[in-house]
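*Asks:* When the letters of the sequence shown are read in order and numbered with the UniProt record's numbering, they come out as residues 1 to 455. Think of the CB as a built atom: it goes at the ideal place given N, C-alpha and C, for glycine as much as any other residue.
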Amino acid sequence: MLKKETNVVILAAGKGTRMKSSCPKVLHILGGKTILEHVINIAKSVKPKKIILVYNNEEKEIKSKINDTSIHWVVQKEQKGTGDAILKASKNFSDNDDIIVLYGDMPYISIESIKKLFNSKKKSKISLLTAYTKNPNGYGRVLKKNGKVIKIIEELDANFREKKIKEVYSGTFIASGKDLKRWLNKINNKNIKKEFYATDIIHFANLEKSIIKTVQTLNYQEILGVNNKLQLSILEKIFQKKQINDLLLSGVTLKDPYHFILRGILKHGKNVEIDTGVILEGNIVLGNNVKIGAGSVIKNSFIDNQTEIKEYTVVENVKIGKKCIIGPFAHLRPNTILDNQIHIGNFVEIKDSTVKEKSKIKHLSYFGNAEIGSQVNVGAGSITCNYDGVNKFKTIIGDNVLIGASTQLIAPIKVTKNTTIAAGTTLIKDVNTPCLVYNSKEQKQKKNWIRPKKL
Ligand code: UD1
Ligand code: CA
1 MLKKETNVVI LAAGKGTRMK SSCPKVLHIL GGKTILEHVI NIAKSVKPKK
51 IILVYNNEEK EIKSKINDTS IHWVVQKEQK GTGDAILKAS KNFSDNDDII
101 VLYGDMPYIS IESIKKLFNS KKKSKISLLT AYTKNPNGYG RVLKKNGKVI
151 KIIEELDANF REKKIKEVYS GTFIASGKDL KRWLNKINNK NIKKEFYATD
201 IIHFANLEKS IIKTVQTLNY QEILGVNNKL QLSILEKIFQ KKQINDLLLS
251 GVTLKDPYHF ILRGILKHGK NVEIDTGVIL EGNIVLGNNV KIGAGSVIKN
301 SFIDNQTEIK EYTVVENVKI GKKCIIGPFA HLRPNTILDN QIHIGNFVEI
351 KDSTVKEKSK IKHLSYFGNA EIGSQVNVGA GSITCNYDGV NKFKTIIGDN
401 VLIGASTQLI APIKVTKNTT IAAGTTLIKD VNTPCLVYNS KEQKQKKNWI
451 RPKKL
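(1) Given 8 Å as the limit, is there contact between the region 2-19 and the region 47-54, that is, 3 or more CB pairs closer than that?
(2) Let me know the secondary structure DSSP gives Asp98 once reduced to three states.
(3) Just grab the DSSP bridge partners of Arg141 for me.
(4) So Ile35 and Val226 are supposed to be a Cβ contact under 8 Å. How far apart are they, rounded?
(5) Do Gly368 and Tyr197 count as a contact pair if the criterion is CB distance below 8 Å?
(6) Identify the continuous beta strand (DSSP E) that holds Thr276 and give its terminal residues.
(7) Cα separation between Asn146 and Glu316?
(8) When the Cα of Pro412 is compared with those of Thr336, Cys385, Ser406, which residue comes out closest?
(9) Whole angstroms is fine: what's the gap from Tyr103's alpha carbon to Thr130's?
(10) Counting only C-beta atoms, is His259 closer than 8 Å to chain D at any point?
(11) Given a threshold of 16 other Cβ atoms within 10 Å of its Cβ, counted over all protein chains shown, does Asn56 qualify as buried or as exposed?
(12) By Cβ distance below 7 Å, which residues in the same chain neighbour Gln221 in space, the five residues on each side in sequence not counted?
(13) Start and end of the alpha helix (DSSP H) containing Gln243?
(14) Contact between the region 134-144 and the region 246-263 is defined here as three or more beta-carbon pairs at a separation below 8 Å; is this criterion met?
(15) Are the region 384-398 and the region 410-426 touching by the rule of at least three beta carbon pairs closer than 8 Å?
(16) Using the beta-carbon count (16 or more within 10 Å), is Glu195 buried or exposed?
(17) Assuming contact is defined by CB atoms lying nearer than 8 Å, are Ile298 and Thr307 in contact in what I supplied?
(18) DSSP has Lys414 in a bridge; who is on the other side?
(19) Measuring alpha carbon to alpha carbon, tell me which residue in Ile153, Asn300, Glu357 is nearest Thr193.
(20) Ligand 2 and Asn227: does any heavy atom of the ligand fall closer than 7 Å to the residue's C-beta?
(21) Taking 7 Å as the cut-off, is the CB of Tyr103 close to at least one heavy atom of ligand 4?
(22) Please name the residue in Ala423, Ile410, Gly381, Glu371 whose C-alpha comes closest to that of Gly398.
(23) Below 6 Å CB to CB, which residues in the same chain sit around Lys360 once its five sequence neighbours on both sides are set aside?
(24) How far does the beta strand (DSSP E) with Arg263 in it reach, from first residue to last?
(25) Please report the distance separating the alpha-carbon of Gln216 from that of Thr172.
(26) Below 8 Å on the Cβ atoms is my contact criterion, and I expect Lys310 with Pro328 to pass it. Report the Cβ-Cβ distance as a whole number of Å.
(27) When the Cα atoms are used, what is the spatial distance from Asn288 to Gln341?
(28) Which one or two residues does DSSP pair with Gly282 in a beta bridge?
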């Protein structure tokens, strides 16, 4: 989209002190992704020649978390200010390149605004992305005289009159590598914060009588940055609101749009209904007529047509077939694959297991590392004993097996098809021919027994 010679510099080395967090600011999560990933995606969508990312070596996790070798990683050892950060990046761009700078804590800059900025560069030495806002607090103000930009003045260094200016600077600009390097080398730290401000390059551009243009963002939200947890929460709200609007317009019924969270990507069919308090995370696919009950949490899962997830169910890394009924209060854990028409009920936990069609596990059960055939019916309170404290073992149950209530299946174990397991059985041996399996237990009765009395 951009000229080949355009590079994007992303500044992400700041200390983020105002977040009051041990997690680097740009790694905080917004809409299921780190703030920095949002900015990198913006940078990538304009297809630059290079993306140069300035980070702080003490926050090594930034590099490992983002894990992107297409990016040129540049270390800024001491956080001396945004100007110093761009100077560190400048070793990676040549004089003929055009440079666009993005701040790693501003995830909502739009691609349209960057395109406008890029077009404006054709008629200027430097173009700045700015916005008009009723509340300019915290931003650098754009100082103009007779319509021409003179300089950017930081909030802390602004006087009473300058603070009233409503045009604020986003931090994003475009200039040639050659001009930028010359201006950067002139910056000093004689200001209240004793930092090398990137914004001072505008002052030096002006001294050279360069043409400085401003381009306004499409809306004020684009310039919202994250400097503290309050701002992060405001940005999260905006993110969720936008997603909710998109989902409603694409036909999803959200019974309570104010209490629905999507931290990832949702692909959906027709007539999907989602009740209040649902959280969807990661990559989620919901087929036609899928219903999700109140308070359910679903992560990275595929749910096929006409399946209903009832209230307060937790599902993670699971594939669920058509026409299933899951929950309420079920817990489907990673690597569980349910075929069509499966019923999973209250307080049933399943992990690392497959269940073939029309089987039912409706009450208070645990299945781990199990292969369950079709039309199996599991009575209440039945469990696999799949772990010896060190290793996990498999349980294999054939088609049409009836498992009586309160059965324990001591793995590794196989039960052939059509077997009936009596209630209360502890199964320790494979069952290879269809039969009724039970443990012989004696029932004893004590006559005239007196209940203990309260002391
Ligand atoms: C900056 C701008 C301000 C603008 C505002 C928009 C300057 C001096 N001020 O202020 O005019 O209105 O953004 O949000 O640029 N960073 C480094 N190394 C450093 C310092 C910061 O890489 O030594 C990075 C930070 O990680 C952050 C970005 O630069 O991503 C901006 O730094 P921050 O301290 O948040 O600047 P603001 O005070 O918000
Ligand atoms: Ca900031």
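*Replies:* With the structure as the only source:
(1) Contact between the region 2-19 and the region 47-54 is present, with at least three C-beta pairs closer than 8 Å.
(2) It is a strand residue.
(3) When beta bridges are read from the DSSP output, Arg141 appears opposite Ile153, Val168.
(4) By a beta-carbon distance limit of 8 Å, Ile35 contacts Val226. Their separation comes to about 6 Å.
(5) Going by beta carbons, Tyr197 and Gly368 fall outside the 8 Å limit.
(6) Counting along the chain, Thr276 falls outside any beta strand (DSSP E), and DSSP gives it neither H nor E.
(7) Roughly 60 Å between the two C-alpha positions.
(8) Taking only the C-alpha atoms, the option nearest Pro412 is Cys385.
(9) Whole-angstrom Cα-Cα distance: 13 Å.
(10) In the structure shown, chain D cannot be found, because there is only a single protein chain.
(11) Residue burial is scored here from C-beta neighbours: Asn56 has at least 16 other C-beta atoms within 10 angstroms and is therefore classed as buried.
(12) Cβ neighbours of Gln221 beyond the five flanking positions: Tyr108, Ile238.
(13) It spans 229-249 - the alpha helix (DSSP H) in which Gln243 sits, taken as one unbroken run.
(14) No, they do not touch.
(15) The region 384-398, when compared against the region 410-426, does touch it at the 8 Å Cβ threshold.
(16) Buried, since its Cβ has 16 or more Cβ neighbours within 10 Å.
(17) Not closer than 8 Å, so no.
(18) Looking at the DSSP output, Lys414 shares a beta bridge with Ile396.
(19) In the sequence on display, residue 193 carries Lys and not Thr. Distance check between Lys193 and each of Ile153, Asn300, Glu357 places Ile153 closest, using alpha-carbon atoms only.
(20) Indeed, a heavy atom of ligand 2 lies less than 7 Å from the Cβ.
(21) Judged by which ligands are present, ligand 4 is missing from the structure shown, whose ligands are ligand 1 and ligand 2.
(22) Of the candidates Ala423, Ile410, Gly381, Glu371, the one whose C-alpha sits nearest the C-alpha of Gly398 is Glu371.
(23) Once the five neighbours on either side are set aside, the close Cβ partners of Lys360 are His343, Asn377.
(24) Looking at the DSSP string, the run of the beta strand (DSSP E) that includes Arg263 is 260-268.
(25) Here the alpha carbons of Thr172 and Gln216 stand approximately 11 Å from one another.
(26) In this structure Lys310 is in contact with Pro328, their Cβ atoms being roughly 4 Å apart against a cut-off of 8 Å.
(27) When the Cα atoms are used, Asn288 and Gln341 turn out to be separated by approximately 15 Å.
(28) Paired residue(s): Gly264.
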